[in-house]
Amino acid sequence: HLKLDKLITKNVNGITIQIYVTLIAYLILQLVPIPTQWGHTLLDKFRYLQSCMSQKISYVHWFEEIMLC
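Just so you know, we're using our numbering here: the sequence shown kicks off at 6 and counts up by one.
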(Lines of atoms letter the chains of each structure in order from A; the text may use other names.)
(Lines give C-alpha, C1' and ligand atoms only; values in the text may rest on other atoms or scores of the structure.)
Protein backbone atom coordinates (compact mmCIF):
# COMPACT_ATOMS: atom_id res chain seq x y z
CA HIS A 6 0.00 0.00 0.00
CA LEU A 7 3.01 2.31 -0.09
CA LYS A 8 2.37 4.95 -2.72
CA LEU A 9 5.54 6.86 -3.44
CA ASP A 10 3.67 9.66 -5.20
CA LYS A 11 1.87 10.46 -1.90
CA LEU A 12 5.01 11.13 0.14
CA ILE A 13 5.11 14.40 2.04
CA THR A 14 8.66 15.20 0.97
CA LYS A 15 10.96 14.04 -1.80
CA ASN A 16 14.37 14.36 -0.10
CA VAL A 17 16.22 11.34 1.27
CA ASN A 18 16.00 12.29 4.97
CA GLY A 19 12.28 13.02 4.73
CA ILE A 20 11.56 9.73 2.98
CA THR A 21 13.64 7.83 5.55
CA ILE A 22 11.73 9.42 8.42
CA GLN A 23 8.40 8.67 6.76
CA ILE A 24 9.34 5.02 6.28
CA TYR A 25 10.43 4.70 9.93
CA VAL A 26 7.22 6.33 11.14
CA THR A 27 5.20 3.95 8.97
CA LEU A 28 7.07 0.94 10.38
CA ILE A 29 6.54 2.15 13.96
CA ALA A 30 2.82 2.66 13.32
CA TYR A 31 2.62 -0.83 11.81
CA LEU A 32 4.33 -2.37 14.85
CA ILE A 33 2.05 -0.50 17.25
CA LEU A 34 -0.99 -1.81 15.36
CA GLN A 35 0.42 -5.33 15.61
CA LEU A 36 0.92 -5.05 19.38
CA VAL A 37 -2.33 -3.37 20.45
CA PRO A 38 -5.10 -5.83 21.35
CA ILE A 39 -8.66 -4.91 20.40
CA PRO A 40 -12.04 -6.50 21.19
CA THR A 41 -12.83 -9.40 18.86
CA GLN A 42 -16.10 -7.87 17.67
CA TRP A 43 -14.08 -5.19 15.87
CA GLY A 44 -12.27 -7.77 13.73
CA HIS A 45 -8.74 -9.02 13.34
CA THR A 46 -7.16 -7.12 10.46
CA LEU A 47 -4.85 -4.12 10.75
CA LEU A 48 -7.55 -1.96 9.17
CA ASP A 49 -10.00 -3.11 11.87
CA LYS A 50 -7.45 -2.19 14.56
CA PHE A 51 -6.89 1.19 12.94
CA ARG A 52 -10.63 1.88 12.83
CA TYR A 53 -10.99 0.82 16.47
CA LEU A 54 -8.17 3.14 17.54
CA GLN A 55 -9.69 6.00 15.53
CA SER A 56 -13.00 5.41 17.29
CA CYS A 57 -11.34 5.39 20.71
CA MET A 58 -9.33 8.52 19.96
CA SER A 59 -12.37 10.43 18.77
CA GLN A 60 -14.09 9.73 22.10
CA LYS A 61 -11.16 11.01 24.15
CA ILE A 62 -9.58 14.43 24.11
CA SER A 63 -6.29 13.45 25.74
CA TYR A 64 -4.11 10.88 23.97
CA VAL A 65 -2.63 9.89 27.34
CA HIS A 66 -6.03 8.77 28.63
CA TRP A 67 -7.00 6.64 25.65
CA PHE A 68 -3.55 5.04 25.44
CA GLU A 69 -3.65 4.05 29.14
CA GLU A 70 -7.16 2.65 28.69
CA ILE A 71 -6.15 0.54 25.69
CA MET A 72 -3.02 -0.79 27.37
CA LEU A 73 -4.89 -1.75 30.56
CA CYS A 74 -7.44 -3.93 28.71
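Quick reminder that beta carbons are idealized off the backbone N, C-alpha and C, glycines included.
Computed from a predicted structure; not experimentally measured.
Do Q35 and L54 have their C-beta atoms within less than 9 Å of each other? In the sequence shown, the residue the question calls residue 35 occupies position 30. In the sequence shown, the residue the question calls residue 54 occupies position 49. Cβ atoms of Q35 and L54: not closer than 9 Å.
Rounded to the nearest angstrom, how far is the Cβ of I20 from that of T14, given a contact under 8 Å? Sequence index remark: in the sequence shown, residue 20 carries index 15 (1-based). Sequence index remark: in the sequence shown, residue 14 carries index 9 (1-based). Sure, about 7 Å apart at Cβ, within 8 Å.
Along the alpha helix (DSSP H) that carries T14, what are the first and last residues, could you check? As a working mapping, residue 14 is identified with position 9 in the sequence shown. Where T14 is concerned, there is no enclosing alpha helix (DSSP H), given that its DSSP letter is neither H nor E.
Can you tell me which of the three DSSP states G19 falls into? Start at 1 with the first residue of the sequence shown, and residue 19 comes out as number 14. Helix.
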